[in-house]
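Before any comments, here is the structure.
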Ligand code: ADP
Ligand code: MG
């Protein structure tokens with residue numbers, strides 16, 4: 002709630018403008034029936050043309066003012082609600098961009114999308130309706146009551162008609178809301194679900210086709226879709242029943258008023274009173290209906306406000322220290338040290354335990370181990386994609402948690418295991434990490450990453466289009482572009498997480514050679530599955546089940562580390578092993 006409130010404050014000027022014009026409109030509307038009554042009793046009743054004209058003019062003027070006000074109210078409330086929703090949306094997006102994986106895992110991607118779109122639209126709608134009606138209802142209700150008393154000709158039973166009508170309206174609304182509120186909660190969750198399945202299936206289109214599971218997937222989507230429809234229909238139908246019931250109540254009130262007046266009417270003044278009274282009682286009941294309208298939108302919007310608030314108020318676990326919020330633009334030397342580092346996902350069993358090693362600048366440090374041994378976990382700790390559970394990771398002797406995040410990440414060229422390209426061109430992808438990158442820098446990065454050849458083979462060269470996610474290039478080409486993207490940052494530290502796996506042996510070798518030649522003073526960390534890839538590394542760290550079981554050069558490890566020997570034996574021939 003609180004996190005949304007600040008947006009109302011931001012657009013207070015628009016909101017106040019809307020409310021002022023709304024008040025004006027309400028006052029005009031309130032005045033109209035009494036003029037009408039005067040017109041009938043004084044003008045028509047006494048056949049006085051001058052009076053008829055004078056009332057007529059006043060009624061026209063006041064109607065025009067009311068119309069203009071109504072338009073302005075619409076304008077200001079639309080503007081306030083649309084701007085608010087724009088701001089919430091962009092703040093939410095910015096917030097999510099800063100999520101560490103821990104926070105990210107708390108929401109599903111589809112839920113974040115729903116929250117960023119549908120939920121915010123609900124808030125926008127509430128704001129709009131609220132602004133259009135909130136002042137109107139009390140003014141109409143209270144003003145209408147005062148006026149109605151004036152025109153009641155002293156008939157007290159009329160009061161009971163109105164009180165009765167209001168009681169019916171209120172009871173109906175309360176009943177409807179108690180039934181429908183939990184449904185709205187369910188509905189937002191079901192929208193999440195539909196989005197999630199749609200996203201899943203669209204992303205997995207190839208797999209679905211290959212496994213011939215279209216029918217099954219269609220059914221999965223259908224089920225979710227049907228669930229959502231059922232809930233939405235129930236809620237809408239219930240609310241739809243409310244409307245005609247309200248109309249019946251209103252018409253009942255009209256009939257009752259005419260009935261009661263009919264017994265007493267004996268002159269034109271009373272008829273005009275009756276007409277005005279009818280109008281004012283309609284106003285009173287209308288004001289309650291408007292409040293009910295707000296209550297119809299409110300429960301759904303509250304669900305949405307809470308869902309949006311959840312994201313906005315999420316505490317981000319990986320942030321700068323208070324006194325490190327300004328980047329210094331410093332360039333690191335690049336000596337990385339792991340000191341007794343442990344990490345466990347979600348506080349469960351540790352994925353890595355007591356990891357200690359150093360990676361020096363100017364050296365290639367390799368990390369090898371079977372899948373699930375914790376290689377990615379180890380290196381994700383360096384750019385602080387997550388923070389250690391125990392121990393410390395430091396660069397040039399400074400704990401990474403004490404370094405400004407922007408500085409830290411600017412100094413690291415990172416190729417994640419699951420890399421993604423963005424829609425754009427080859428050039429825009431390679432230059433992603435560096436503003437105003439030159440053509441030479443682009444080419445150098447592409448050359449080292451062994452991407453030059455395939456870039457040149459396309460007539461568009463660096464302007465070749467890349468589809469969303471990099472789906473229009475092969476796995477190996479994608480990897481090479483991702484490597485070039487990291488290299489173009491010209492950072493002192495490079496981390497390659499299993500980045501050579503989709504390359505053929507020849508390219509792998511050429512790439513490593515180029516790396517060594519061009520990056521002689523950088524710290525290079527290579528995570529790999531293939532012994533061939535890392536054989537020449539200055540230092541090889543062998544991981545097994547989250548622990549370091551070997552640390553040294555290839556030849557040493559073959560003699561001292563059983564795990565390494567096993568891996569090597571399974572991949573290299575006897576001669577290559579040289580044993
Ligand atoms: P590797 O890169 O060596 O294949 P990882 O570092 O990815 O291994 O994973 C190490 C262990 O941590 C594995 O047991 C894996 O299941 C677990 N793990 C990895 N990522 C997550 C995650 N996001 N949440 C929970 N457990 C994870
Ligand atoms: Mg991995």
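In this note's numbering, the protein residues as written are 2 to 580. Where is the CB? At the ideal position from N, CA and C, for every residue including glycine. Keep in mind the model is a prediction, meaning the values are calculated, not measured.
- Message: Below 7 Å, is the gap between the Cβ of residue 499 and the nearest heavy atom of ligand 2?
- Response: yes
- Message: Could you check whether residue 564 and residue 543 sit closer than 8 Å to each other, using their CB atoms as the reference points?
- Response: yes
- Query: Are the CB atoms of residue 319 and residue 403 nearer to each other than 8 Å?
  - Reply: no
- From 469, 455, 140, 106, pick the residue whose C-alpha is nearest to that of residue 508; which is it? 455
- Message: So the candidates are 224, 131, 212, 213; which of them puts its Cα closest to the Cα of residue 196?
- Response: 224
- Item | the region 39-58 touching the region 266-274, judged by at least three CB pairs closer than 8 Å | yes
- Query: In chain order, which alpha helix (DSSP H) runs of at least 4 residues are fully inside the region 504-558?
  - Reply: 506-519, 532-535
- Task: Starting from residue 344, follow its DSSP beta bridges and name the residues at the other end.
- Result: 353
- Span of the beta strand (DSSP E), counted from its first residue to its last, around residue 22: Residue 22 -> not in any beta strand (DSSP E); alpha helix (DSSP H) instead, spanning 13-39.
- Please confirm if the region 521-535 is in contact with the region 486-494, defined as three or more CB-CB distances below 8 Å between the two stretches. yes
- Is the region 403-417 in contact with the region 465-472, if contact means three or more CB pairs nearer than 8 Å? no
- So what's residue 501 in DSSP terms, helix, strand or just coil? coil
- Query: Should residue 410 be flagged as near chain D, meaning a C-beta pair shorter than 8 Å?
  - Reply: Absence of chain D from the displayed structure is noted, only one protein chain being present.
- Taking 8 Å as the cut-off, decide whether the C-beta atoms of residue 27 and residue 134 are in contact. no
- Query: Under three-state DSSP, which class holds residue 395?
  - Reply: strand
- Query: Do three or more CB pairs link the region 330-342 to the region 120-133 at distances below 8 Å?
  - Reply: no
- Message: Rounded to the nearest angstrom, what separates residue 17 and residue 137 at their Cα positions?
- Response: 14 Å
- Any 3 or more C-beta pairs closer than 8 Å across the region 59-68 and the region 25-39: yes
- Query: Whose CB is closer than 6 Å to a heavy atom of ligand 4? List the residues in chain order.
  - Reply: Ligand 4 is absent from the structure shown, which contains only ligand 1 and ligand 2.
- What three-state label does DSSP hand residue 339 in the structure shown? strand
- Message: Closer than 7 Å to a non-hydrogen atom of ligand 2 - does that hold for the CB of residue 478?
- Response: no
- Item | heavy atom of ligand 2 below 7 Å from residue 530 C-beta | no
- Query: Straight-line CA distance for residue 574 to residue 449?
  - Reply: 29 Å
- Taking Cβ positions, are residue 116 and residue 93 nearer each other than 8 Å? yes
- Item | beta strand (DSSP E) segment containing residue 455, residue limits | Taken as a continuous stretch (DSSP letters only), residue 455 belongs to no beta strand (DSSP E), being part of the alpha helix (DSSP H) at 453-458.
- Indicate, with yes or no, if ligand 2 has a heavy atom lying under 7 Å from the CB of residue 125. no
- Item | Beta-ladder partner(s) of residue 495, from DSSP | 414, 525
- Mind checking residue 6: buried by the 16 CB within 10 Å criterion, or exposed? exposed
- Task: Give the range of the beta strand (DSSP E) segment to which residue 372 is assigned.
- Result: Neither: residue 372 is in no beta strand (DSSP E) and is coded neither H nor E.
- Item | Through-space distance from residue 222 to residue 212, alpha-carbon basis | 17 Å
- Query: Among 22, 243, 355, which residue has its Cα nearest to the Cα of residue 172?
  - Reply: 243
- Message: Can you give me the C-alpha to C-alpha distance between residue 111 and residue 199, rounded to a whole angstrom?
- Response: 9 Å
- Item | Cutoff 6 Å; reference residue 476; Cβ partners in own chain excluding five residues on either side | 503
- Task: Can you give me the start and stop residues for the alpha helix (DSSP H) that residue 328 sits inside?
- Result: Run containing residue 328: none; DSSP gives neither H nor E here.
- Residue of 431, 396, 407, 217 minimising C-alpha distance to residue 202: 217
- Message: I'd like to check one pair, residue 163 with residue 295: are the Cβ atoms closer than 8 Å?
- Response: no
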